Amino acid sequence: MIRSIRAGRRRAVLALGATVLALGGCATRLQPPITGYLCCNLPVQSDIIYASNVLGGPVARLGRPVRIEQTKRNAYFWGYVGNTYMGFTDDVTPGSRSATGAREWLSRIVVPQDPATRLASWSDDVQRAVRSSRVLVGMTREQVAMALGYPSAELTPEPATALSWAYYTMQEEQPLTLQFNPQGRLDRVEGSEDAKALVDPGR
C-alpha cells in the first residue's frame, strides 16, 4: 500500500512544484510575516519545502532563520530561509487548503527558538548524527524529528505517540520505517538497503 501511495505522491509533488512556481506572481503579502527558525533538517525540492518530506535530496538545515512573507490560496507560502527565497506547501495534511490547516503545519516547522540551543545539550554522537541528517538507535522522537523532519501525516498521522514513523524516499517505491520502543526511543530502521542507507550513519 505504501509503495503505491509513494509512486503517486512523487508524481503529484512534481506537478505541484510547477503549480507553486506559477502562482508565485499573484500571492498576498502576510501582515505580519511568519518568522522564526527551521525546526529541523527539511528536504528541499526545486527550492520548495513540502509536508510530504521525501528523504534523499538537498536539505535546508535546522536553525536557519525563516521569514515567510506571502501566501496564495491558504496552501502556498513564500519567503526566505536564510538568504534563499523558497516556497512552502502542505501537500498532505487534511484541511491544508484552510488557513488553520496550513498554519498548523507551518507552526510545527517554523519555531520561535533556535533549535541549535537544544541540539547543543545532547551527546556529541547525537549532535553529529542530527547535523548530518542521520539517526542512531536510542534517539528520542524529538532527536529523530530534528535530524529528518517530521514524517508525512499521510503515513504517520500522530507522530507524537506513534511507535513507528514512515517516510517517503527518493528511492523509487522504497519507503523507510523507523520503529520506536514503548519508551519513545528509536529501536530499529526498516526498509530496503538503499532506503536505510539514507539515514543510517553506519552505512
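Just so you know, the sequence shown maps onto residues -22 to -1, 1 to 181 in mature numbering (1 follows the signal peptide of the UniProt record, and there is no 0).
Here a beta-carbon is modelled for each residue, glycine too, at the ideal position from N, C-alpha and C.
Predicted model only: the values in this text are computed from it and were never measured.
Where residue i falls, given that 16 or more other Cβ within 10 Å makes a residue buried
i      : result
P21    : buried
A131   : buried
G(-15) : In this prediction, G(-15) has a pLDDT of 47, which is less than 50 and means its spatial position is unreliable; what the coordinates show is noted afterwards. When all chains shown are included, G(-15) counts as exposed.
D103   : exposed
First and last residue of the uninterrupted beta strand (DSSP E) at residue i
i    : result
M148 : Unbroken run through M148: none, as it is neither H nor E.
D25  : Unbroken run through D25: none, as it is neither H nor E.
Q48  : 43 to 50
V59  : 54 to 59
Residue range of the alpha helix (DSSP H) that includes residue i
i    : result
T95  : 94 to 97
M64  : That residue, M64, is in no alpha helix (DSSP H); its beta strand (DSSP E) goes 62 to 67.
V115 : First-last for V115: undefined, no H or E at that position.
E120 : 119 to 126
Nearest residue (CA-CA) to residue i, options the options
i    : options             : result
G116 : S101, T62, V89, T95 : S101
I46  : F66, E136, V104     : F66
R7   : P90, S99, L154, F55 : F55
Q91  : Y15, Q9, E171       : Y15
P36  : V122, V44, S24      : S24
V113 : G41, P179, A29      : P179
P153 : V59, V32, C4, C17   : V32
S142 : Q149, G127, E168    : E168
Y125 : L133, T134, P93     : Note that residue 125 is Ala in the sequence shown, not Tyr. Nearest of L133, T134, P93 to A125, Cα basis: P93.
For residue i, three-class secondary structure by DSSP
i           : result
G14         : strand
L1          : Note on L1: pLDDT 49, under 50, position unreliable in the model; no value is reported.
G79         : helix
residue 182 : Here the chain has residues from -22 to 181 only, and residue 182 is not among them.
V32         : coil
Q161        : coil
According to DSSP, residues forming a beta bridge with residue i
i    : result
L176 : Bridge partners of L176: none, in fact.
T139 : T139 pairs with nothing; no bridge assigned.
E168 : T155
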